[in-house]
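Visitor:
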Amino acid sequence: MKRIPVLLLGCGGVGQRLLDHIVSCRAIHSQQGLALSVVGVCDSRSMLLVDDLQNSEFSDVFLKEICKVKSSESSLSTVSHFGRPCQIFNNPTELAIDLSASLGGSTGLVVVDCSASSETLQILKKSVAFGCCVVMANKKPFTSNIEEYEELTLHFRRIRYESTVGAGLPVISSVTRLLASGDPITRIVGSLSGTLGYVMSEIEIGKPFSEVVLFAKSLGYTEPDPRDDLSGMDVARKALILSRLLGWKIDMDSVQVESLYPDEMGPHLMNTEDFLGSGLALLNVIISERVKAALSKGNVLRYVCMIEDSRCRVGLQELSKESALGRLRGSDNVVEIYSRCYKDSPLVIQGAGAGNDTTAAGVLADIIDFQDLFK
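Here our numbering is used: the first residue of the sequence shown is 203, the next is one more, and so on.
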């Protein structure tokens with residue numbers, strides 16, 4: 203049986219679902235001759251670590267207890283041990299680096315970043331340098347400045363990050379395969395926000411922008427402050443990741459981003475309650491007019507990223523109703539990839555592009571993808 207040790211950074215929604223998937227897939231992985239051994243779990247304050255890194259792992263019962271504690275928004279330090287030896291530490295960053303140094307050159311280790319923190323970058327850089335494999339759902343390390351990015355990707359063979367763009371959709375792998383085959387990519391257009399995809403398809407049928415955003419919030423589609431979605435920055439990070447994958451040496455300030463609210467409604471000038479209570483409604487007419495203008499030309503309005511001619515733009519775009527993006531409904535993601543082989547009829551990738559379950563499944567697939575690097 204091939205053992206793959208796993209260190210999990212971040213135990214929020216995606217991290218919890220990943221642990222659930224690891225437990226539920228034991229039989230499937232066993233049939234494949236694989237055993238995923240979770241040896242450590244970190245949150246922002248603490249790390250739980252097995253007592254014997256070479257031979258021990260957290261039991262499935264213990265992993266379920268971790269998920270239970272974290273779903274109640276408690277610290278890992280409150281997890282019951284169930285009589286099993288377990289070490290608790292309060293310096294997760296330093297310890298994660300030490301753990302990577304210890305296992306990277308011997309049994310191997312997969313460091314999985316399911317956090318939403320930019321502070322994991324140093325851990326990831328050190329881990330890869332020590333010989334560990336890295337899997338990311340967290341976009342922030344891959345959208346740091348270009349110097350940090352290039353240092354992180356020096357050992358590209360040991361890095362997987364499919365879930366940073368489109369959750370579990372095979373966007374990164376599709377782009378990588380095209381490039382590896384010598385098929386130059388000329389254009390990428392995508393709707394990469396389930397939240398904004400839902401909002402745009404709903405206002406297209408005449409619903410007020412403010413009403414749609416508030417309903418999306420009630421469904422849990424948006425962040426607690428919807429401006430985190432409406433700013434377009436999440437889409438911009440995904441666009442930057444794709445641009446860099448194409449070989450562009452650019453930073454975030456090279457990405458042209460259109461926010462769906464004006465600066466005077468930004469978090470630094472208007473609190474969340476005021477934005478939801480009065481600010482949103484002030485945007486109804488502006489958004490409605492843009493929707494009507496698109497419809498009058500037989501088009502629809504979508505919030506997309508467009509990567510073409512060394513330019514990376516994120517914002518509202520009028521598109522044909524008959525295109526894959528124009529037909530988009532609900533919170534699905536769609537990506538169109540144009541290349542020499544897909545010049546007139548693009549490669550289209552579509553499906554659920556959001557949600558903890560889908561994202562965690564993509565992370566797990568990335569971990570399994572490393573199996574040939576372990577003995």
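Glycine is no exception: its CB is placed at the ideal position from the N, C-alpha and C atoms.
Quick caveat: nothing in here was measured; it's all calculated off a predicted structure.
When you compare each of S375, E321, P428, D455 to P469 by their alpha carbons, which one comes out closest?
Guide: What you label residue 469 is simply residue 267 of the sequence shown in a count that begins at 1. When only C-alpha atoms are compared, the closest one is P428.
Visitor: Contact defined as beta carbons within less than 8 Å: I believe L444 pairs with I361. What is the distance between those atoms, to the nearest angstrom?
Guide: Taking the sequence shown and counting its residues from 1, the one referred to as residue 444 is at position 242. Taking the sequence shown and counting its residues from 1, the one referred to as residue 361 is at position 159. Their Cβ separation, rounded to whole angstroms, is 15 Å, which puts L444 and I361 out of contact at 8 Å.
Visitor: For P207, which three-state DSSP category applies?
Guide: Within the sequence shown, numbered from 1, the residue matching residue 207 stands at position 5. DSSP places P207 in strand when its eight states are reduced to three.
Visitor: On a Cα-Cα basis, can you pick out the residue from Q218, Y505, S541 that is closest to A382?
Guide: Taking the first residue of the sequence shown as position 1, residue 382 is located at position 180. With distances taken between Cα atoms, A382 lies closest to S541.
Visitor: Smallest Cα separation from S365: which of R492, D315, F358?
Guide: On the sequence shown, position 163 is the one that residue 365 refers to. Ranking the options by Cα distance to S365, first place goes to D315.
Visitor: Suppose you measure from the CA of I407 to the CA of V502; what does that come to, to the nearest Å?
Guide: For the purposes of this step, residue 407 is taken as residue 205 along the sequence shown, with counting starting at 1. For the purposes of this step, residue 502 is taken as residue 300 along the sequence shown, with counting starting at 1. Using only the alpha carbons, I get a separation of about 10 Å.
Visitor: Tell whether a beta-carbon distance below 8 Å holds between L354 and L326.
Guide: Residue mapping note: residue 354 aligns to position 152 of the sequence shown, counting from 1. Residue mapping note: residue 326 aligns to position 124 of the sequence shown, counting from 1. Going by C-beta atoms, L354 is nearer than 8 Å to L326.
Visitor: Does DSSP classify E520 as helix, strand or coil?
Guide: Locating residue 520 in the sequence shown gives position 318, counting from the first residue. Strand.
Visitor: Can you have a look at G235 and say buried or exposed, based on whether 16 or more other CB atoms are within 10 angstroms of its CB?
Guide: On the sequence shown, position 33 is the one that residue 235 refers to. When all chains shown are included, G235 counts as exposed.
Visitor: Distance check for V241 and L220, CA to CA, integer angstroms please.
Guide: As a first step, residue 220 is located in the sequence shown; it is residue number 18 there, counting from the start. As a first step, residue 241 is located in the sequence shown; it is residue number 39 there, counting from the start. Using only the alpha carbons, I get a separation of about 14 Å.
Visitor: Under the assumption that I374 contacts Y363 (Cβ atoms under 8 Å), give the Cβ distance between them as a whole number of angstroms.
Guide: For this step, residue 374 is matched to residue 172 along the sequence shown. For this step, residue 363 is matched to residue 161 along the sequence shown. Indeed they touch by this definition, with Cβ atoms about 6 Å apart.
Visitor: Can you tell me where the alpha helix (DSSP H) with F264 in it begins and where it stops?
Guide: Along the sequence shown, read from residue 1 onward, the residue named residue 264 stands at position 62. From DSSP, the alpha helix (DSSP H) with F264 extends over 262-273.
Visitor: Whose C-beta lies closer than 6 Å to the C-beta of N257 among residues of the same chain, with five residues either side of it excluded?
Guide: Walking along the sequence shown from the start, residue 257 turns up at place 55. The answer is none, since no qualifying residue turns up.
Visitor: Could you tell me the distance, in whole angstroms, from the CA atom of G370 to the CA atom of G553?
Guide: Taking the first residue of the sequence shown as position 1, residue 370 is located at position 168. Taking the first residue of the sequence shown as position 1, residue 553 is located at position 351. Using only the alpha carbons, I get a separation of about 9 Å.
Visitor: Between the alpha carbons of F264 and A418, how many angstroms are there, rounded?
Guide: The residue you call residue 264 lines up with position 62 of the sequence shown. The residue you call residue 418 lines up with position 216 of the sequence shown. The straight-line gap from Cα to Cα measures roughly 35 Å.
Visitor: Helix, strand or coil for N501, going by three-state DSSP, please let me know.
Guide: As a working note, residue 501 is residue 299 in the sequence shown. Three-state DSSP puts N501 in a strand.
Visitor: Just the Cα atoms here: how many angstroms apart are E490 and R531?
Guide: One-based indexing of the sequence shown puts residue 490 at position 288. One-based indexing of the sequence shown puts residue 531 at position 329. Checking the displayed sequence, the identity of residue 490 turns out to be Ser instead of Glu. One C-alpha to the other measures close to 18 Å.
Visitor: Mapping the DSSP letters down to three states, classify S445 as helix, strand or coil.
Guide: As a working mapping, residue 445 is identified with position 243 in the sequence shown. S445: helix per DSSP, three-state reduction.
Visitor: Does DSSP classify N151 as helix, strand or coil?
Guide: This structure does not reach residue 151, given that the chain is present from 203 up to 577, and the question cannot be answered.
Visitor: If contact is defined by three or more beta carbon pairs under 8 Å, each pair taking one atom from either stretch, is the region 450-457 in contact with the region 397-413?
Guide: Short answer: they don't touch.
Visitor: Which residue or residues does DSSP assign as beta-bridge partners of Q289?
Guide: Translated into positions along the sequence shown, residue 289 becomes position 87. Answer is L251.
Visitor: Determine the direct distance from the alpha carbon of D385 to that of F477, and round the result to whole angstroms.
Guide: Taking the first residue of the sequence shown as position 1, residue 477 is located at position 275. Taking the first residue of the sequence shown as position 1, residue 385 is located at position 183. Approximately 46 Å between the Cα atoms of the pair.
Visitor: For V373, which three-state DSSP category applies?
Guide: As a working mapping, residue 373 is identified with position 171 in the sequence shown. Three-state result, V373: helix.
Visitor: First and last residue of the alpha helix (DSSP H) that includes T560?
Guide: In the sequence shown, the residue the question calls residue 560 occupies position 358. Per DSSP, T560 belongs to the alpha helix (DSSP H) from 558-570.
Visitor: What does G553 pair with, by DSSP beta-bridge criteria?
Guide: In the sequence shown, the residue the question calls residue 553 occupies position 351. G553 pairs with N535.
Visitor: Considering only the beta carbon of each residue, do I290 and L250 sit closer than 8 Å?
Guide: The count along the sequence shown starts at 1 and reaches residue 290 at position 88. The count along the sequence shown starts at 1 and reaches residue 250 at position 48. Against a cut-off of 8 Å, the Cβ pair of L250 and I290 comes out as a contact.
Visitor: Nearest to M435 by alpha carbon, out of V487, L462, E267, Y351?
Guide: Position 233 of the sequence shown, counting from 1, holds the residue named residue 435. Of V487, L462, E267, Y351, the residue nearest in Cα terms is L462.
Visitor: Please report the distance separating the alpha-carbon of D568 from that of C227.
Guide: Position 366 of the sequence shown, counting from 1, holds the residue named residue 568. Position 25 of the sequence shown, counting from 1, holds the residue named residue 227. Rounded to the nearest angstrom, the two C-alpha atoms are 14 Å apart.
Visitor: Applying the criterion that 16 or more other CB atoms from any shown protein chain within 10 Å of the CB defines a buried residue, is D574 buried or exposed?
Guide: Translated into the one-based positions of the sequence shown, residue 574 becomes position 372. Exposed, since its Cβ has fewer than 16 Cβ neighbours within 10 Å.
Visitor: Name the two residues that bound the continuous beta strand (DSSP E) containing A237.
Guide: Residue mapping note: residue 237 aligns to position 35 of the sequence shown, counting from 1. Segment 236-244, the beta strand (DSSP E) holding A237.
Visitor: Tell me the residue span of the alpha helix (DSSP H) that contains K399.
Guide: Taking the first residue of the sequence shown as 1, we reach residue 399 at position 197. The identity of residue 399 in the sequence shown is Gly, whereas the question assumes Lys. Counting along the chain, the alpha helix (DSSP H) containing G399 begins and ends at 396-405.
Visitor: Nearest-angstrom Cα distance between T424 and S319?
Guide: On the sequence shown, position 222 is the one that residue 424 refers to. On the sequence shown, position 117 is the one that residue 319 refers to. If I take the Cα positions, the gap works out to 18 Å.
Visitor: At the level of alpha carbons, what is the spacing between A483 and P410?
Guide: Here residue 483 corresponds to residue number 281 of the sequence shown, with the count starting at 1. Here residue 410 corresponds to residue number 208 of the sequence shown, with the count starting at 1. About 8 Å.
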